[in-house]
Amino acid sequence: RRALDKIAEIKSLLEERRIAAKIAGIYSEAEPPRKTMRRGVLMTLLQQSAMTLPLWIGKPGEKPPPLCGAVPAAGDYVAKPGDKVAARVKALEGDEQWILAEVVSYSHAANKYEVDDIDEEGKERHTLSRRRIIPLPQWKTNPETDPEALFHKDQLVLALYPQTTCFYRALIHAPPQRPQDDYSVLFEDTSYADGYSPPLNVAQRYVVACKETKKK
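Heads up: the sequence shown at position 167 corresponds to 167 in the UniProt record's numbering, and the numbers run straight through without jumps.
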């Protein structure tokens, strides 16, 4: 347990350093846009982030905390700079979509977050109200010990579509069976007769509760 805490502490320190470097302007404007140059690298980093998400190991009888698997954040929770979130933004065509973003700051006075689109590495910044932000899980749930902290079959969720940085509505096809397993999900997709894609795997890190109940 102590070792896990230490790992989390080290990760947090490294993240703080990275943010400080970013703010200091080490990521210069001369860098090529990440979208075209480093798409493969970004996807690999997202996979690594999902794989290295720490597994929650509670004491006997201890309930999984907020942001463990499917357990939502507390109502007054404020995501920290560097935290990854699902953020609802306006797309170029005027539609709204949920994207993977990184928190830059939070204003208690305005009740708003500043977030960077993860796909643009700081090129696209959004100012959003709290209701447009869903914090991502900070721990993986162990299905063998805490199955209640997972989304269940047929539950409506937002899941990160494989090889993209956007979240889409999906139904849980099957929850993970072991700690290292992914969810199997069915994305809403009108190009299929039944309105859903074939099952696709999405890591626990990138599956969150869907705030909208109406089907588009």
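A virtual CB, placed ideally from N, CA and C, is assigned to each residue, including glycine.
Residues bridged to residue i (per DSSP)
i, result
"Lys90", "Glu96"
"Trp139", "Cys68"
"Phe167", "Trp98 and Leu160"
"Tyr196", "Glu188"
"Leu150", "Bridge partners of Leu150: none, in fact."
"Val103", "Val115"
"Thr127", "Glu114"
"Leu172", "Note on identity: in this sequence residue 172 is Ile, with Leu being the wrong assignment. BP columns for Ile172 point to Val185."
"Ile133", "Ala87"
Beta-carbon gap between residue i and residue j smaller than 9 Å
i, j, result
"Gly100", "Leu46", "Residue identity differs from the one stated: residue 100 is Leu in this sequence, not Gly. Yes, the Cβ-Cβ distance between Leu100 and Leu46 is below 9 Å."
"Tyr168", "Phe187", "yes"
"Ile134", "Ala87", "yes"
"Val103", "Pro72", "no"
"Asp146", "Gly69", "yes"
"Trp139", "Pro60", "no"
"Lys84", "Leu136", "yes"
"Val115", "Arg125", "yes"
"Val78", "Asp117", "no"
"Leu156", "Ala203", "no"
"Ala170", "Tyr196", "yes"
Reduced DSSP category for residue i - H, G, I as helix; E, B as strand; rest coil
i, result
"Ser191", "coil"
"Arg205", "helix"
"Glu114", "strand"
"Val85", "strand"
"Val185", "strand"
"Leu42", "helix"
"Ala50", "helix"
"Thr36", "Below a pLDDT of 50, predicted positions are generally treated as unreliable, and Thr36, at 48, falls in that range; no measurement from the model is reported."
"Arg178", "coil"
Expected contact under 8 Å - CB spacing of residue i and residue j to nearest Å
i, j, result
"Leu53", "Arg205", "5 Å"
"Pro143", "Pro179", "7 Å"
"Asn201", "Asp182", "4 Å"
"Thr165", "Asp119", "4 Å"
"Leu128", "Tyr113", "5 Å"
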